[in-house]
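For reference, the structure is listed below as C-alpha cells.
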Amino acid sequence: MTMVLKLFEISDFLLLLSAIITIYVAQYYYKYFTRVNPLPGPFPFPFIGNLPQYNLWFKGDIKAFYGYNYKKYGDIYEVHLNGNRNIVLARVEYIEKLLTPSIKNSHLARYPNDEGLNELGIGGKGILFNQDHKSWKYNRQFFTQAILSPKFNNEAIYWTNRLFDELEGYWNKLYLKEEIIKENKNIDFTTWFSQYTNDMIIKLLTGERSYSMAAYFDTLSDEKSEHPRAIVDDSVRLVQALRKLLVGFILFVYVPPFLRHYIPYFKNKADDLLQSVRFINKRLDEIIKNRRKEIENTPLDKSLPNDMLTSVITANTPRDVNYTKTVGGEALNRPLTDSEIRGNILDGFLAGTDTTANTISYIKLI
Numbered sequence: 001m002t003m004v005l006k007l008f009e010i011s012d013f014l015l016l017l018s019a020i021i022t023i024y025v026a027q028y029y030y031k032y033f034t035r036v037n038p039l040p041g042p043f044p045f046p047f048i049g050n051l052p053q054y055n056l057w058f059k060g061d062i063k064a065f066y067g068y069n070y071k072k073y074g075d076i077y078e079v080h081l082n083g084n085r086n087i088v089l090a091r092v093e094y095i096e097k098l099l100t101p102s103i104k105n106s107h108l109a110r111y112p113n114d115e116g117l118n119e120l121g122i123g124g125k126g127i128l129f130n131q132d133h134k135s136w137k138y139n140r141q142f143f144t145q146a147i148l149s150p151k152f153n154n155e156a157i158y159w160t161n162r163l164f165d166e167l168e169g170y171w172n173k174l175y176l177k178e179e180i181i182k183e184n185k186n187i188d189f190t191t192w193f194s195q196y197t198n199d200m201i202i203k204l205l206t207g208e209r210s211y212s213m214a215a216y217f218d219t220l221s222d223e224k225s226e227h228p229r230a231i232v233d234d235s236v237r238l239v240q241a242l243r244k245l246l247v248g249f250i251l252f253v254y255v256p257p258f259l260r261h262y263i264p265y266f267k268n269k270a271d272d273l274l275q276s277v278r279f280i281n282k283r284l285d286e287i288i289k290n291r292r293k294e295i296e297n298t299p300l301d302k303s304l305p306n307d308m309l310t311s312v313i314t315a316n317t318p319r320d321v322n323y324t325k326t327v328g329g330e331a332l333n334r335p336l337t338d339s340e341i342r343g344n345i346l347d348g349f350l351a352g353t354d355t356t357a358n359t360i361s362y363i364k365l366i
C-alpha cells in the first residue's frame, strides 16, 4: 500500500479528485435536466441544491425565500434542498386535500421522513412531524380530546382574559403616563402579542405560568414587574429555547448532514439548536414528572387542573372519564409515555404561538 501511495504525486491526487468531482457534477446535471415532470424553480447547485439562494440571498428567511419564488415562478414550482426535490404548491385547490383534518386523508405526512428531524429528536413524535400512521392516530386522538374538552375551553377563556388584563396593566404603566404620552411613543403590537401568546399557550399546555410579558416589560421600564426575577428568568429561558426550535428546525430539513456536521458555520448553528432541544426536553420532563406526582397525591374525589398536560397524563387511567378509547376499531388501552406527552406539548407550542399572535395583531389592526 505504501509503495502504491509513493507512485502518486500530490498533483495526481488532485487530478483524481478533480475527475471525481467533474463526473459527479456531470451526473448531477444530467439527472436534473432529464428529470420526470420538470417544473420551474431556482437553479440548483451540486451537493447543496438551492441552499445558496435560501441562506445567502434571503439570510435564511423562509418566508422571503418562498415568497420570491412564488412571484417569479407562479403557483407550482420546485426547489432542491437537502438532496431532495421539493414541489411547492401555492393554490388553494392544490393544497386543499393536504390540509384536511380527516384521518382518511391519503396525504398523511406533512413533512418528509427526514433524518434531520430524527437527529433533532422531533421526528416520529407527536403529530406535526410524525410519519408513523399508527402513532400519529394515537397521539392525535389524545391531543384532540384534550383541546376540545369543555373544561379546557373554559380554562382557555379564563386565562385569555386574565393575561390580557395583565397586558393592559403593563401598557398603562408604559404608555399612559403624561410624560410618555407627550413623547408620542408607539406600541409594538407584534412583539407584545408574541409575548402574550407565549404566556397563554404555555399556561394552557402545561399548567405552568410563563412570564414573557413581565420580562419584556422589565426591559422597557425602570419600574419592574411584581414577579420574582429568578422565576421570570427561568421562564424566559424556556420560551427562548422553544422559539429557537420553532425558527431553527428548518436547518435540519434543508441543510445536508455533511454541512451540519463538518462545516463550521452550519455546525455551530446545528449544535446550538441541539443544545436548546436538550434543555427543552429536560425542562419538560421535569414538568411532566412533577405533574404526575401532583396527580398521584390528589384524591380521586378531588378535581384536577384543566390544562392539556394533565389531560394527556390521565388519559386511559382511572382518572379518565372515557377509560378505553378506540381509533379505527382498535382499542387504545394504554396511557401516553413521557416521550409521547413531550411531543404533543411541543406540537402545541410550535403550532400555536406565532399563528395566534399574528391573528390577534391582524384583528387589532383592522
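At position 355 of the sequence shown (counting the first as 1) the number is 355 in UniProt numbering, and the numbers step up by one without a gap. Don't be surprised by glycine CBs; every beta carbon is placed ideally from N, CA and C. Small disclaimer: the values here were computed from a predicted structure and weren't measured.
Judged by DSSP in its simplified three-state form, Gly-83 adopts coil rather than helix or strand. The shortest C-alpha to C-alpha distance from Gln-145 to any of Asn-316, Ile-21, Asp-338 and Thr-191 is the one to Asn-316. In chain order, Thr-206, Gly-207 and Arg-291 place their CB closer than 6 angstroms to the CB of Leu-309, counting only its own chain and leaving out the 5 sequence neighbours on each side. Rounded to the nearest angstrom, the gap between the Cα atoms of Ile-21 and Lys-71 is 34 angstroms. Judged by DSSP secondary structure, Val-236 falls within the alpha helix (DSSP H) whose first and last residues are 229-248. Distance from Ser-339 to Lys-125 at the Cβ level is roughly 7 angstroms; contact confirmed, criterion being Cβ atoms closer than 8 angstroms. Glu-78 carries a strand assignment under DSSP once its states are collapsed to helix, strand and coil.
Taking C-alpha positions only, Asn-281 is separated from Phe-13 by approximately 46 angstroms.
In this chain, Asn-55 is not harboured by any alpha helix (DSSP H), its DSSP state being neither H nor E. Under the three-state reduction of DSSP, Phe-349 is assigned to helix. Taking a contact to require three or more Cβ pairs closer than 8 angstroms, the region 40-49 and the region 77-86 qualify as touching. Between Phe-266 and Leu-259, the C-beta gap is smaller than 8 angstroms, which places the two residues in contact.
With a beta-carbon spacing of about 7 angstroms, Tyr-211 and Ile-231 fall inside the 8 angstroms limit used to define contacts. When secondary structure is reduced to three states using DSSP, Phe-152 falls in the helix class.
In this structure, Ser-311 lies near Phe-152, with their beta-carbon atoms less than 8 angstroms apart. For the 8 angstroms CB-CB criterion, Glu-166 and Met-200 do not form a contact. Around the CB of Leu-163, 16 or more other CB atoms lie within 10 Å, so the residue is classed as buried. Across the structure, Arg-334 and Val-239 are spaced so that their CA atoms are roughly 31 angstroms apart. Secondary structure at Phe-193: helix, using DSSP grouped into helix, strand and coil.
Fully enclosed alpha helix (DSSP H) runs of no fewer than 4 residues occupy 251-254 and 257-262 of the region 247-279, in order along the chain. Around Arg-342, the same chain offers Leu-284 as residues with beta carbons nearer than 6 angstroms, after the five sequence neighbours per side are excluded. It is roughly 16 angstroms from the alpha-carbon of Thr-314 to the alpha-carbon of Leu-148. The distance from the Cβ of Lys-173 to that of Ser-221 is about 6 angstroms, consistent with a contact at the 8 angstroms cut-off. Per DSSP, Val-312 is one residue of the alpha helix (DSSP H) stretching across 308-314. Here Asn-161 is exposed. Its C-beta has fewer than 16 other C-beta atoms within 10 Å. Judged by beta-carbon spacing, Leu-120 lies beyond the 8 angstroms limit of Phe-217, meaning their Cβ atoms are not closer than that value.
Secondary structure of Gly-121 (DSSP, three-state): coil. With fewer than 16 other beta carbons inside 10 angstroms of its own, Gly-74 counts as exposed. Residue state for Leu-128 is assigned as coil, using DSSP reduced to three classes.
When only Cα atoms are considered, Val-88 and Tyr-175 end up about 44 angstroms apart.
Taken atom to atom, the span from the alpha-carbon of Gly-123 to that of Phe-279 is near 17 angstroms. Residue burial is scored here from C-beta neighbours: Phe-33 has fewer than 16 other C-beta atoms within 10 angstroms and is therefore classed as exposed. The three-state secondary structure of Val-36, taken from DSSP, is coil. Taken through DSSP and simplified to helix, strand or coil, Phe-164 comes out as helix. Per DSSP, Ala-64 is one residue of the alpha helix (DSSP H) stretching across 62-73.
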